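To keep things clear, I will list the structure first and then write my remarks on it.
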Amino acid sequence: AFRLLRRLADDLGLPDCSMGMSGDFEVAVEEGATIVRIGSRLFGPRG
């Protein structure tokens, strides 16, 4: 899924590709994410 999103972002000429969160950010970065959400990695789970 990340590879497809990166390809779509490139095809559309988008400067950034936001994908991935704390649980899968490594894969998202490997596939070209320029923005990832890692809040729970930094601050722990909500609640």
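Residues 334 to 380 in this note's numbering are what the sequence shown lists, from first letter to last. Just so you know, even glycine gets a beta-carbon here, dropped at the ideal spot from N, CA and C. All figures in this text were calculated on a predicted structure; none of them were measured in a lab.
Item                                                                                                       : Value
Cutoff 7 angstroms; reference residue 358; Cβ partners in own chain excluding five residues on either side : 369, 371
CA-to-CA distance, residue 347 to residue 375, given in whole angstroms                                    : 27 angstroms
Nearest-angstrom Cα separation, counted from residue 377 out to residue 366                                : 22 angstroms
Host alpha helix (DSSP H) of residue 343 (start-end)                                                       : 335 to 345
Start and end residues, alpha helix (DSSP H) containing residue 372                                        : 372 to 376
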